[in-house]
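Here is the structure we will look at.
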Amino acid sequence: MSTEAQAEAQTAREAASSEGAHRARALFSGVSKRREEVAERRQGATQRLAQLDTLESEAIHIIREVAAEFERPALLFSGGKDSVVMLHLATKAFWPGKVPFPVLHVDTGHNFPEVLAFRDRTVERLGVRLVVASVQDYLDDGRLHERADGTRNPLQTLPLLDAIADNRFDAVFGGGRRDEDKARAKERILSLRDEFGQWDPRNQRPELWNLYNGRHTVGQHVRAFPISNWTELDIWRYIERERIELPGIYYAHQREVFQRDGMWRAIGEHSQPRDTERVTVRTVRYRTVGDMSCTGAVLSDAATVQDVVREVAASTLTERGATRADDRISEAAMEDRKKDGYF
Amino acid sequence: MTTTTAPATPAVQAVPLLEEGTLFRFATAGSVDDGKSTLVGRLLHDSKAILADQLDAVTRTSQERGFGGASDGTTKIDLALLTDGLRAEREQGITIDVAYRYFATDRRSFILADCPGHVQYTKNTVTGASTADAVVLLIDARKGVLEQTRRHLSVAHLLRVPHVVVAVNKIDLVGFSEDVFRAVETDVLRAALELGVGDVTVVPVSALDGDNVVDRSARTPWYYGPALLEVLETLPATDEIETGLEPFRLPVQLVLRPQGALAPGVDAGAFRDYRAYAGQLASGTVRVGDEVVVLPSGRSTTVTGIDFAGTQLHEAFAPQSVALRLADEIDIARGDLIAAAGTAGEPTRDLAASLCWLSPKPLREGAKVLIKHGTRTVQGLVRSVTGKLDLDSFTLQAAPGLELNDIGDVEIRLAAELPAEAYASHRRTGAFLVVDAADGNTLAAGLVR
Ligand SMILES: Nc1nc2c(ncn2[C@@H]2O[C@H](COP(=O)(O)OP(=O)(O)O)[C@@H](O)[C@H]2O)c(=O)[nH]1
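Here it is, written out as structure tokens:
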């Protein structure tokens, strides 16, 4: 530090302790000059991308990086809105080419039939290959056992990891968003998984600028989360803007439901009311699609995407809290499953 | 294990955000116990980003743990619980890793990189600052400027974060004293001046009680400036400042040449010979008809088309992801940089750079590493460590190498040329990663001098 600067700082210090800060600050000509520069440059700035365009560009950049740096990527596709948006972004990233990797669905066997039909239609329309890992197969041959509570979400881990190993996928795109819960908030955009699919939150690579380091060794693979920075509202506004088709269960419809653990459950092959649970017909919609036996509906009249955008904007519950029974079990539920290799 | 039904606390109304705004990214920094988690929790809470079920869970936990509450005596929730994400952190009561938070006001949507304050976790501050439009730096009003503060200022400056907002926290614990605040403010501004940090705003806050966080406080009548959130709502973002000023750069990610593998519905006749270079603009603006140069080969050509998923654009600006069509059939591959003609320097095999060393494995002269710059990765040999930054004097001191959390200057010899530019003028094309060739881990954040 020069003696001149020292003297200036000293003067300013004295001034600051006796007078108002606005005056003290003005004495720091260095600081205030930079401020003016910034203000000037701001006026010179021509344009700025709107929020959704910024997020879209970032996601496409990530998808292209992974496609370029990995040999065998795959995209997790459940027919749920986040995976649908991700697949839509992939089609934009490679236009006019086809999406250059397969999609992978971990089928719990407890799906909404509408969602499976939607999955098949979408895959057909885009000409992408579908790989299915089936939880039911694992239950049938005894590699997995049904849980006491009937929930199959935690059972997805093993079939997922086997599918990754069998197909030698070295990168798997997931639709996870950091706004979903506190554990996901710490997830990197490229996240390294060991031979057991485990995530080590204490040992993550620092992620700097938009330079993603996907180097991995044999047996390791990488999970890539291109829509990490999107919120639920961003997703819905993007679905609206891009006119993206979703399974019908995301919009209000009449359904036979019963109440359990404060949530509305649909009646279906794998989800039956107990004697004490009264069945009624309600106008509902789903905010996530997953295992039908543990995904709850919300009472809603939002029948169009515009309605849903308005509803989400005013919503007071995060989507998982509102609709996934298994996440309510403990505050650390998600973290435990992530360490285990869940999405 | 319990399951809960309807939330016991009254529902908090989320801010409806139907108008599309812009994004603003900021990172927090501070030493342990300065109140960073509380401040972040306060920002989320007061901007209504905390939803009823989260608030319910935190209220329950606060009560179970017998949280003392705010200094005004009313029982409140432990806001820090809103942001401590991982179980290990909850158990140890410290924030370990960068966590990202999202909240919106009716002016802007924010992405907050919540960076832990532990001394050994400067790596997280570097990570958060690398993408930030602003850094919010916490100082405990009772402690003033610490070495950690200077370190964080120095990181913010080195990474050219456009704005630093200093929150002088726990102002309630010094009796809302103007004298204390002014003394801290002067020290901060002096340190900023020494370092050359440009835009600094200093705000007196109480994260615990909410003074000057979202709304201006009546308890600091001597403070005339805006509340913290108002500052964040009005600062210009990095791309706003830089896009119009820096020349056009696009690192090529992939060559789009679908040939037989066209997407369904695309006209096979028209696109059989399609060839375009896909990437995200790192800086500047590009228009159809612009003269460009491809680096490192140095070949010149003209932009004949800018495509984005079936739409033809006349121009594109950073940070848009697009695909460029060029006039001449020149050999371009992933790793090349397309730049506005006449604006780029000569590619080089000798890199003079500053490194923020982020690995427990120290750096020694002679180390062989990988350098990831834009979309290209090349081998590098660290020929010399020129010095290590001393944070008290802000001068370079001789050092045999760099240790975890050190910032220092090095000379690197590259196995192939890179179109490296000074970080001070080109934030994207002046940045690189140093990667361990053996285990693939990221060792350092690199900044071209
Ligand atoms: N009185 C007072 N206490 C505060 C304030 N901000 C934080 N604290 C307390 O300081 C301690 C450390 O805060 P925390 O947010 O966990 O710090 P971190 O380590 O920086 O994340 C906690 O006991 C907080 O309740 C404040 O503005 N005033």
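Chains as they are written, first to last, in our numbering: chain A, 1 to 343; chain B, 1001 to 1449.
Quick reminder that beta carbons are idealized off the backbone N, C-alpha and C, glycines included.
Residue i classed as buried or exposed, judged by whether at least 16 other C-beta atoms fall within 10 angstroms
{"i": "histidine 1314 (chain B)", "result": "exposed"}
{"i": "tyrosine 286 (chain A)", "result": "buried"}
{"i": "leucine 361 (chain A)", "result": "Beyond the ends of chain A as shown, which are 1 and 343, falls residue 361 (chain A); an answer cannot be given."}
{"i": "lysine 1368 (chain B)", "result": "exposed"}
{"i": "arginine 23 (chain A)", "result": "Unreliable placement is indicated for arginine 23 (chain A), whose pLDDT of 38 sits below 50; the coordinate value is still reported in the next sentence. It is exposed - the Cβ of arginine 23 (chain A) has fewer than 16 other Cβ atoms within 10 Å."}
{"i": "glutamine 272 (chain A)", "result": "exposed"}
{"i": "tryptophan 230 (chain A)", "result": "buried"}
{"i": "histidine 145 (chain A)", "result": "exposed"}
{"i": "valine 222 (chain A)", "result": "buried"}
{"i": "arginine 143 (chain A)", "result": "exposed"}
{"i": "phenylalanine 1181 (chain B)", "result": "buried"}
{"i": "threonine 54 (chain A)", "result": "buried"}
{"i": "threonine 1442 (chain B)", "result": "buried"}
{"i": "glutamine 1259 (chain B)", "result": "exposed"}
{"i": "arginine 1108 (chain B)", "result": "buried"}
Residue i: contacting residues in chain A (beta-carbon distance under 8 Å)
{"i": "threonine 1127 (chain B)", "result": "Pro206, Glu207 and Leu208"}
{"i": "arginine 1142 (chain B)", "result": "Correct list: empty, because the minimum Cβ distance to chain A is about 17 Å."}
{"i": "leucine 1433 (chain B)", "result": "Leu208, Leu211 and Asn213"}
Chain B contact residues for residue i, given Cβ-Cβ distances below 8 Å
{"i": "isoleucine 60 (chain A)", "result": "Gln1280 and Ser1321"}
{"i": "glutamine 51 (chain A)", "result": "Glu1020, Gly1021, Thr1022, Leu1023 and Ser1109"}
{"i": "serine 57 (chain A)", "result": "Gln1280, Pro1319, Gln1320 and Ser1321"}
{"i": "arginine 282 (chain A)", "result": "Under the 8 Å cutoff, chain B gives no residues; its nearest Cβ is about 16 Å from arginine 282 (chain A)."}
DSSP bridge partner residues for residue i (one or two, in chain order)
{"i": "tryptophan 236 (chain A)", "result": "BP columns for tryptophan 236 (chain A) are empty, so no partner."}
{"i": "methionine 263 (chain A)", "result": "A:Arg260"}
{"i": "threonine 1343 (chain B)", "result": "Per DSSP, none; premise fails for threonine 1343 (chain B)."}
{"i": "isoleucine 1407 (chain B)", "result": "B:Cys1356"}
{"i": "aspartate 1465 (chain B)", "result": "With chain B represented from 1001 up to 1449, any question about residue 1465 (chain B) goes unanswered, as that position is not in the structure."}
{"i": "glutamate 58 (chain A)", "result": "None; glutamate 58 (chain A) has no bridge partner."}
Residue i versus residue j: straight-line alpha-carbon distance, rounded
{"i": "alanine 50 (chain A)", "j": "asparagine 111 (chain A)", "result": "36 Å"}
{"i": "threonine 1301 (chain B)", "j": "arginine 1428 (chain B)", "result": "23 Å"}
{"i": "glycine 150 (chain A)", "j": "glycine 176 (chain A)", "result": "24 Å"}
{"i": "glutamine 966 (chain B)", "j": "alanine 1416 (chain B)", "result": "Since the displayed chain B opens at 1001 and closes at 1449, residue 966 (chain B) lies outside it and no answer follows."}
{"i": "alanine 1453 (chain B)", "j": "alanine 1276 (chain B)", "result": "A question about residue 1453 (chain B) goes unanswered here, because the residues of chain B that appear run from 1001 up to 1449."}
{"i": "arginine 125 (chain A)", "j": "leucine 1381 (chain B)", "result": "50 Å"}
{"i": "glutamate 1403 (chain B)", "j": "serine 1217 (chain B)", "result": "43 Å"}
{"i": "arginine 48 (chain A)", "j": "glutamate 1233 (chain B)", "result": "15 Å"}
{"i": "glycine 1335 (chain B)", "j": "serine 1154 (chain B)", "result": "31 Å"}
{"i": "leucine 27 (chain A)", "j": "leucine 1189 (chain B)", "result": "Legend: pLDDT at leucine 27 (chain A) = 37, less than 50; position of this residue unreliable, value from coordinates given subsequently. Approximately 10 Å, taken between the alpha carbons."}
{"i": "proline 1236 (chain B)", "j": "arginine 1025 (chain B)", "result": "11 Å"}
{"i": "tyrosine 1274 (chain B)", "j": "serine 57 (chain A)", "result": "22 Å"}
{"i": "leucine 161 (chain A)", "j": "leucine 76 (chain A)", "result": "12 Å"}
{"i": "aspartate 291 (chain A)", "j": "alanine 148 (chain A)", "result": "15 Å"}
{"i": "alanine 68 (chain A)", "j": "proline 201 (chain A)", "result": "26 Å"}
{"i": "glutamate 1147 (chain B)", "j": "threonine 1285 (chain B)", "result": "41 Å"}
{"i": "alanine 90 (chain A)", "j": "alanine 1132 (chain B)", "result": "26 Å"}
{"i": "valine 218 (chain A)", "j": "alanine 224 (chain A)", "result": "17 Å"}
Nearest neighbour of residue i, chosen from the options [CA to CA]
{"i": "valine 1032 (chain B)", "options": "B:Val1135, B:Ala1129 and B:Ile1139", "result": "B:Ile1139"}
{"i": "valine 1294 (chain B)", "options": "B:Gly1260, B:Asp1273, B:Glu1329 and B:Gly1265", "result": "B:Glu1329"}
{"i": "arginine 1257 (chain B)", "options": "A:Pro96, A:Asp275, A:Asp261 and A:Pro102", "result": "A:Pro96"}
{"i": "threonine 1304 (chain B)", "options": "B:Val1288, B:Gln1312 and B:Asn1169", "result": "B:Val1288"}
{"i": "threonine 978 (chain B)", "options": "B:Ile1332, B:Arg1142 and B:Tyr1224", "result": "Missing from the structure shown is residue 978 (chain B); chain B here goes from 1001 to 1449 and no further."}
{"i": "isoleucine 267 (chain A)", "options": "A:Glu242, A:Glu240, A:Gly296 and A:Arg241", "result": "A:Gly296"}
{"i": "phenylalanine 1271 (chain B)", "options": "B:Asp1409, B:Pro1400, B:Pro1296 and B:Arg1325", "result": "B:Arg1325"}
{"i": "leucine 1370 (chain B)", "options": "B:Ser1354, B:Thr1149, B:Ile1412 and B:Asp1390", "result": "B:Ile1412"}
{"i": "leucine 1112 (chain B)", "options": "A:Val123, A:Asp179 and A:Ala90", "result": "A:Asp179"}
{"i": "glycine 79 (chain A)", "options": "A:Asp234, A:Trp264, A:Tyr250 and A:Gly262", "result": "A:Tyr250"}
{"i": "glycine 1298 (chain B)", "options": "B:Ser1283, B:Ile1338, B:Ala1027 and B:Ala1318", "result": "B:Ile1338"}
{"i": "glutamate 1365 (chain B)", "options": "B:Ser1321, B:Ser1177 and B:Lys1388", "result": "B:Lys1388"}
{"i": "glutamate 1291 (chain B)", "options": "B:Gly1265, B:Phe1317, B:Ala1167 and B:Gly1342", "result": "B:Gly1342"}
{"i": "cysteine 1115 (chain B)", "options": "B:Val1385, B:Ser1283 and B:Gly1030", "result": "B:Gly1030"}
Chain B contact residues for residue i, given Cβ-Cβ distances below 7 Å
{"i": "phenylalanine 94 (chain A)", "result": "Leu1256"}
{"i": "histidine 216 (chain A)", "result": "Gly1440"}
{"i": "threonine 54 (chain A)", "result": "Leu1023 and Pro1319"}
Per-residue contacts from residue i into chain A (C-beta, under 9 Å)
{"i": "aspartate 1097 (chain B)", "result": "Lys186, Pro201, Arg202 and Gln204"}
{"i": "arginine 1101 (chain B)", "result": "Arg178, Asp179 and Ala185"}
{"i": "alanine 1263 (chain B)", "result": "Thr91, Phe94, Trp95, Pro96, Gly97, Lys98, Val99, Leu126 and Gly127"}
{"i": "aspartate 1209 (chain B)", "result": "Here the premise fails: no neighbours, minimum Cβ distance about 21 Å."}
Proximal residues of chain A, C-beta to C-beta of residue i below 7 Å
{"i": "threonine 1131 (chain B)", "result": "Trp209"}
7 Å Cβ cutoff, residue i in contact with chain C
{"i": "alanine 1309 (chain B)", "result": "Considering every chain present, this structure includes no chain C. Its protein chains are A and B."}
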